[in-house]
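Reviewing the structure listed below.
Number of protein chains: 4
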Amino acid sequence: MKSEKADNKRQFILEEAAKCFGKYGYEKTILDDIGKAANMNKATLYYYFKNKEEIFMAVVLAESERFIADLQAKVKDVGNFDQKIVSYFSERLHYYKKVVNLHQLSVAQLRYIQPLFDELYQKVQQTEIAFIAQLLTEAQQKNLLRSQESLPKVAETMLLVANALKHEGVLQAKELYAHEIDYSVIDQQTNYVILLILKGLQQ
Amino acid sequence: MKSEKADNKRQFILEEAAKCFGKYGYEKTILDDIGKAANMNKATLYYYFKNKEEIFMAVVLAESERFIADLQAKVKDVGNFDQKIVSYFSERLHYYKKVVNLHQLSVAQLRYIQPLFDELYQKVQQTEIAFIAQLLTEAQQKNLLRSQESLPKVAETMLLVANALKHEGVLQAKELYAHEIDYSVIDQQTNYVILLILKGLQQ
Amino acid sequence: MKSEKADNKRQFILEEAAKCFGKYGYEKTILDDIGKAANMNKATLYYYFKNKEEIFMAVVLAESERFIADLQAKVKDVGNFDQKIVSYFSERLHYYKKVVNLHQLSVAQLRYIQPLFDELYQKVQQTEIAFIAQLLTEAQQKNLLRSQESLPKVAETMLLVANALKHEGVLQAKELYAHEIDYSVIDQQTNYVILLILKGLQQ
Amino acid sequence: MKSEKADNKRQFILEEAAKCFGKYGYEKTILDDIGKAANMNKATLYYYFKNKEEIFMAVVLAESERFIADLQAKVKDVGNFDQKIVSYFSERLHYYKKVVNLHQLSVAQLRYIQPLFDELYQKVQQTEIAFIAQLLTEAQQKNLLRSQESLPKVAETMLLVANALKHEGVLQAKELYAHEIDYSVIDQQTNYVILLILKGLQQ
DNA sequence: GATGAATGAGGATTCATTCAT
DNA sequence: AATGAATGAATCCTCATTCAT
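As you go down the protein sequences, you meet chains B, G, W and Z in turn. Following the working numbering, the numbering of the first sequence begins with 4 at its first residue and continues without gaps. Following the working numbering, the numbering of the second sequence begins with 4 at its first residue and continues without gaps. Following the working numbering, the numbering of the third sequence begins with 4 at its first residue and continues without gaps. Following the working numbering, the numbering of the fourth sequence begins with 4 at its first residue and continues without gaps.
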């Protein structure tokens with residue numbers, strides 16, 4: 004492929020950028036930092052990415068993919084079926100929190116970035132939906148679920164709800180310190196709804 | 004007092020500034036934000052403070068004083084004498100971590116700001132030394148300590164060591180994510196040394 | 004007089020301001036410098052003077068008066084009548100040059116300040132005219148001048164011409180370095196015209 | 004060469020900047036002035052220079068190099084060997100005075116700028132040392148000097164002394180008007196020492 | 001693909017000046 | 001008379017972004 008080399012370079016930039024963002028935070032990282040780290044003129048970065056924000060997004064996406072893979076591997080070893088699902092969402096929220104802290108994002112930036120963020124997650128979400136649907140299917144095959152529902156649809160709904168609660172929590176946090184968003188509340192709300200849904204499926 | 008009004012205004016500015024720094028972080032907060040929040044031209048801020056950094060420092064100092072007061076009240080209710088001292092230092096480190104996260108400071112900034120930070124803490128430290136010395140004195144009066152040492156000196160030394168370990172931890176963190184500084188290691192080291200010192204006093 | 008105290012204070016401010024302007028130049032001297040030097044709040048300066056420029060002008064005026072007095076004393080001892088007049092104008096130009104350098108004025112500032120400058124000199128000029136007229140009168144009494152001209156008028160004209168030539172020189176200096184204005188050319192031109200006028204009077 | 008164009012532009016900026024500094028002085032010259040004079044956005048200046056000060060320094064350096072070249076050409080035609088050396092140092096001091104006046108620098112600025120100034124002159128000084136050493140060598144070849152000293156070393160020492168006396172003079176001038184520094188005293192001191200050294204070489 | 005060069009949009013800081021008391 | 005407080009208008013400098021080559 005013509006683009007294989009380009010992809011490698013893109014990848015390399017992202018790795019260096021991730022280090023920079025981690026060290027200095029999103030704001031303090033200037034494109035010259037990333038350029039120097041990747042041994043190229045900062046203008047070249049614009050050949051591979053639209054702008055600083057896109058670089059950041061791509062960094063987060065890469066981290067996400069790694070994380071989701073980890074997460075799914077981990078969840079497979081968790082107790083029974085209910086717990087698998089619940090802990091999946093719980094860990095997922097925990098991860099979101101970590102990313103926010105990791106890059107020292109403030110609430111203001113979060114609000115601005117979130118839409119792009121979510122757009123980016125679309126891709127990841129396909130994986131997520133598939134994974135949850137898979138868990139549900141396995142449960143169904145063990146006769147744990149009586150539902151006739153489309154399981155992918157259910158999985159998507161669960162994710163939708165989880166995301167909605169997360170966003171809701173962030174948007175409520177107007178006056179609070181960014182990382183003081185009370186994720187534990189969001190966590191409980193999410194757990195509760197997910198369990199309700201699962202109960203519904205088991206009727 | 005001539006300066007009472009000015010002091011109130013200074014105080015007011017600090018409260019508004021604290022909100023801004025909390026919301027946006029140190030970097031993203033621009034003086035216009037603080038000015039608008041405090042209903043004044045940003046140039047006026049320079050009448051009350053030397054520069055942005057001084058405003059930030061004053062905010063942190065105010066938070067510190069509040070925190071130290073809280074902390075000391077809380078520690079009084081903690082189990083026995085040893086535990087009081089140990090938990091004092093543990094909580095103190097936890098607070099430092101919180102401040103760093105609270106204002107989304109990166110390692111790079113930390114290094115730069117730390118000296119000013121510490122200078123500022125001089126005042127707070129007098130309170131801290133007095134408090135620890137008091138705890139030690141009470142223990143001595145209960146014949147828990149046999150030492151003839153000057154207790155304020157001991158208190159000062161404990162603080163010195165705790166601070167040194169904290170700084171050491173930060174300076175080691177060159178390549179790590181700012182908030183990923185491993186405070187738990189620092190915490191253990193600090194606990195260990197403090198207990199050693201206490202043991203020495205009890206010989 | 005009510006204003007005697009105020010006059011003393013004004014005088015004191017001017018002395019301190021002169022030191023400041025001398026040390027730092029017009030631009031670099033800030034009102035806080037003058038205020039501190041005169042032991043008063045900078046706002047108070049505005050009670051005594053309209054603005055920074057007026058302080059500067061007053062400083063220059065005071066220096067001028069001192070200088071003109073000196074000059075006139077000195078000239079009295081100079082050789083014959085012609086030489087007295089010529090050296091008066093020559094020294095006068097030399098003084099102007101000194102003031103300009105002394106306060107590190109640039110050509111740009113000079114252009115701006117000149118009108119105010121000249122307005123200020125009006126007062127001084129009365130003294131100057133009187134002095135030159137006196138020299139002329141003495142010459143007339145010794146029958147050195149046959150003219151029927153009004154001698155004050157002649158004196159005034161001489162000053163007018165001298166000033167005009169000086170201004171002309173400054174305005175020509177657009178592209179030159181401020182203090183590189185070629186005063187020697189102006190000096191020669193002035194001498195020449197003054198001598199012509201004197202010749203005319205002696206016909 | 005890759006940088007030839009850039010060097011030309013740098014040069015062009017310096018020429019325009021020199022005009023501005025000459026017209027308005029260091030303080031009054033704003034970067035917009037230089038930018039406009041050089042037909043570019045002021046931000047572009049930062050592509051070629053680190054800051055305003057560096058531009059100024061570069062202007063002075065360029066002037067210095069031109070001057071030193073002139074000076075050396077001129078000195079070659081001066082009478083005998085002793086006179087060549089003495090007049091070199093005398094002219095050199097005269098030049099320093101001119102630069103200071105030329106840019107309307109106040110004593111305060113001089114103190115601040117001097118270190119950078121001297122750092123910049125390091126380069127020029129190599130040329131100066133070589134030139135003086137050459138004069139000494141020629142004298143030696145004519146058997147005017149009996150010394151076995153390293154002549155470059157002697158040349159360097161002479162420059163060192165001349166600079167030290169110059170600095171001493173500036174630093175003494177605390178309360179004086181900047182351009183009223185009494186260079187004639189410095190000149191005499193320098194001459195005296197240089198002649199002493201030359202005498203020593205002729206023993 | 002890559003980069004040297006250019007720039008507009010800010011952001012911190014300074015300072016002459018004003019005004020209420 | 002005096003001043004604490006306030007501010008608008010600069011001014012230096014930074015940085016993401018663009019563009020011609």
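Yeah, the Cβ is synthetic: ideal placement off N, Cα and C, and Gly gets one too.
*So, helix, strand or coil for Lys53/G, using DSSP?*
If you number the second sequence from 1, residue 53/G lands on position 50. In this structure, Lys53/G counts as coil in the three-state DSSP scheme.
*asked:* Rounding to the nearest angstrom, what Cα-Cα distance links Thr140/Z and Leu154/Z in this structure?
replied: Here residue 140/Z is taken as the residue at index 137 of the fourth sequence, counted from 1. Here residue 154/Z is taken as the residue at index 151 of the fourth sequence, counted from 1. The alpha-carbon separation between Thr140/Z and Leu154/Z amounts to approximately 7 Å.
*asked:* To the nearest angstrom, how far is the alpha carbon of Val157/B from that of Gln143/B?
replied: For this step, residue 157/B is matched to residue 154 along the first sequence. For this step, residue 143/B is matched to residue 140 along the first sequence. Near 13 Å, if we compare the C-alpha coordinates of Gln143/B and Val157/B.
_I'd like the list of long-range same chain contacts for Ile37/Z, defined as Cβ closer than 8 Å, with 5 residues on each side in sequence excluded._
On the fourth sequence, residue 37/Z is found 34 positions in, with the first residue counted as 1. If we look at Ile37/Z and ignore the five residues flanking it on each side, its Cβ neighbours are Ile16, Glu19, Ala20, Cys23, Lys45, Leu48 and Ile58.
*Extent of the continuous alpha helix (DSSP H) run through Gly28/G*: Sequence index remark: in the second sequence, residue 28/G carries index 25 (1-based). Note, Gly28/G: alpha helix (DSSP H), Glu7 to Lys31.
*Assess, as a yes-or-no matter, whether the segment 24-36 of chain B is touched by the segment 65-76 of chain B under the definition of 3 or more beta carbon pairs within less than 8 Å.*
No, the segment 65-76 of chain B does not touch the segment 24-36 of chain B.
_Suppose contacts are defined by Cβ-Cβ distances below 8 Å. Is Glu94/Z in contact with Leu64/Z by that definition?_
For the purposes of this step, residue 94/Z is taken as the residue at position 91 of the fourth sequence. For the purposes of this step, residue 64/Z is taken as the residue at position 61 of the fourth sequence. Their beta carbons are not under 8 Å apart, which means Glu94/Z does not touch Leu64/Z by this criterion.
*With burial defined as no fewer than 16 other Cβ atoms inside 10 Å of the residue's Cβ, what is the status of Tyr99/B: buried or exposed?*
Here residue 99/B refers to the residue found at position 96 of the first sequence. For Tyr99/B, the number of other beta carbons within 10 angstroms of its own is at least 16, and it is reported as buried.
*So Asp85/B and Leu201/B are in contact, right, with Cβ under 8 Å, and what is the actual spacing, rounded?*
Within the first sequence, residue 85/B is the residue found at index 82, counting from 1. Within the first sequence, residue 201/B is the residue found at index 198, counting from 1. Contact holds; Cβ gap of about 6 Å.
*Inter-residue spacing [alpha-carbon to alpha-carbon] between Ile189/W and Gly172/W*: As a first step, residue 189/W is located in the third sequence; it is residue number 186 there, counting from the start. As a first step, residue 172/W is located in the third sequence; it is residue number 169 there, counting from the start. Spanning the two alpha carbons is a distance of roughly 6 Å.
_Going by DSSP, what residue range makes up the alpha helix (DSSP H) through Gly203/B?_
Here residue 203/B is taken as the residue at index 200 of the first sequence, counted from 1. Run containing Gly203/B: Tyr186 to Gln205, per the alpha helix (DSSP H) assignment.
*On the three-state DSSP scale, how would you describe Glu152/W?*
Along the third sequence, one-based indexing puts residue 152/W at 149. Coil, per DSSP.
*Tyr195/B: buried (16+ other C-beta within 10 angstroms of its C-beta) or exposed?*
By one-based count along the first sequence, residue 195/B stands at place 192. Burial call: exposed.
*Between Leu148/B and Leu138/B, what straight-line distance do the alpha-carbon atoms span, to the nearest angstrom?*
Along the first sequence, one-based indexing puts residue 148/B at 145. Along the first sequence, one-based indexing puts residue 138/B at 135. Approximately 11 Å between the Cα atoms of the pair.
*If Thr130/W and Ala165/W are in contact, beta carbons under 8 Å, what's the gap, nearest whole angstrom?*
One-based indexing of the third sequence puts residue 130/W at position 127. One-based indexing of the third sequence puts residue 165/W at position 162. In this structure Thr130/W is not in contact with Ala165/W, their Cβ atoms being roughly 15 Å apart against a cut-off of 8 Å.
*Nearest-angstrom Cα distance between Lys145/B and Ser90/B?*
What you label residue 145/B is simply residue 142 of the first sequence in a count that begins at 1. What you label residue 90/B is simply residue 87 of the first sequence in a count that begins at 1. Lys145/B and Ser90/B: Cα-Cα distance of roughly 20 Å.
*Who are the near neighbours of Lys87/W in its chain, counting only those whose CB is closer than 7 Å to its CB and skipping five residues on each side?*
As a working note, residue 87/W is residue 84 in the third sequence. Cβ within range, chain order: Val78, Val81 and Leu138.
*Rounded C-beta distance between Lys55/G and Leu34/G? I'm assuming under 8 Å.*
For this step, residue 55/G is matched to residue 52 along the second sequence. For this step, residue 34/G is matched to residue 31 along the second sequence. Indeed they touch by this definition, with Cβ atoms about 6 Å apart.
*Return the residue from the list Phe92/Z, Glu152/Z and Phe134/Z that minimises the CA-CA distance to Ala167/Z.*
Position 164 of the fourth sequence, counted from the start, is the residue given in the question as residue 167/Z. Out of Phe92/Z, Glu152/Z and Phe134/Z, the CA that lies nearest to the CA of Ala167/Z is found in Phe92/Z.
*For Lys39/B, the first and last residue of its enclosing alpha helix (DSSP H)*: Position 36 of the first sequence, counting from 1, holds the residue named residue 39/B. Counted as a single uninterrupted DSSP element, the alpha helix (DSSP H) harbouring Lys39/B occupies residues Leu34 to Ala40.
*Spatial neighbours of Glu159/Z within its chain, please: CB distance less than 6 Å, with the 5 preceding and 5 following residues excluded, ordered by chain position.*
Here residue 159/Z is taken as the residue at index 156 of the fourth sequence, counted from 1. Excluding residues up to 5 positions away in sequence, Ile132 lie with their Cβ nearer than 6 Å to the Cβ of Glu159/Z in the same chain.
_Spatial neighbours of Ile197/Z in its chain, beta-carbon cut-off 7 Å, leaving aside the 5 residues before and after_ = One-based indexing of the fourth sequence puts residue 197/Z at position 194. Closer than 7 Å at the Cβ level, and outside the excluded window around Ile197/Z, lie Ile88, Val89, Phe92 and Met161.
*Where Met161/W sits in the DSSP three-state scheme*: The residue given as residue 161/W occupies position 158 in the third sequence. Reduced to three states, the DSSP call for Met161/W is helix.
*Assuming Glu152/G contacts Val102/G (C-beta within less than 8 Å), just tell me the rounded distance between them.*
Stepping through the second sequence from its first residue, residue 152/G is reached at position 149. Stepping through the second sequence from its first residue, residue 102/G is reached at position 99. So it is not a contact: roughly 32 Å between Cβ atoms.
*With a Cβ-Cβ cutoff of 8 Å, do Phe52/B and Ala41/B count as a contact?*
Numbered from 1 along the first sequence, position 49 holds the residue referred to as residue 52/B. Numbered from 1 along the first sequence, position 38 holds the residue referred to as residue 41/B. Result no, Cβ atoms of Phe52/B and Ala41/B do not sit closer than 8 Å.
*Can you tell me the Cα-Cα spacing of Thr32/G and Asp10/B, whole angstroms?*
Start at 1 with the first residue of the second sequence, and residue 32/G comes out as number 29. Start at 1 with the first residue of the first sequence, and residue 10/B comes out as number 7. Straight through space, the alpha carbons of Asp10/B and Thr32/G are spaced by roughly 37 Å.
_Nearest residue (CA-CA) to Arg13/Z, options Tyr186/Z, Glu30/Z and Tyr50/Z_ = Reading the fourth sequence from its first residue, position 10 is the one you call residue 13/Z. Looking at the Cα atoms, Tyr50/Z is the closest of the given residues.
_Beta-carbon contacts of Gln191/W that lie in its chain and below 6 Å, excluding the five residues immediately before and after_ = Looking up residue 191/W in the third sequence gives position 188. Excluding the 5 residues flanking it on each side, Gln191/W has no same chain C-beta neighbour closer than 6 Å.
_Other residues of its chain near Tyr128/W: CB distance less than 7 Å, five sequence neighbours each side excluded_ = On the third sequence, residue 128/W is found 125 positions in, with the first residue counted as 1. Looking at the sequence shown, residue 128/W is not Tyr but Gln. Excluding five sequence positions before and after Gln128/W, the CB atoms of its chain that fall closer than 7 Å to its own CB belong to Leu162, given in chain order.
_Distance check for Lys39/W and Leu96/W, CA to CA, integer angstroms please._
Stepping through the third sequence from its first residue, residue 96/W is reached at position 93. Stepping through the third sequence from its first residue, residue 39/W is reached at position 36. In a straight line, the C-alpha of Leu96/W is about 34 Å away from that of Lys39/W.
*asked:* Taking the straight line between their C-alpha atoms, what separation do you get for Tyr180/G and Ala136/G?
replied: For the purposes of this step, residue 180/G is taken as residue 177 along the second sequence, with counting starting at 1. For the purposes of this step, residue 136/G is taken as residue 133 along the second sequence, with counting starting at 1. Residue placement at Tyr180/G is flagged as unreliable, the pLDDT there being 45, under the threshold of 50; the coordinate-derived value follows with that caveat. For Tyr180/G and Ala136/G, the gap between their C-alpha atoms comes out near 36 Å.
*Shortest alpha-carbon distance to Phe134/Z belongs to which of Asp185/Z, Ala76/Z, Tyr186/Z and His170/Z?*
Position 131 of the fourth sequence, counted from the first residue, corresponds to residue 134/Z. Here the closest residue by C-alpha is Ala76/Z.
*Collapsed DSSP secondary structure at Leu74/W in the structure displayed*: To locate residue 74/W, count along the third sequence from 1; it is residue 71. In the structure shown, Leu74/W adopts helical secondary structure according to DSSP, grouped into three states.
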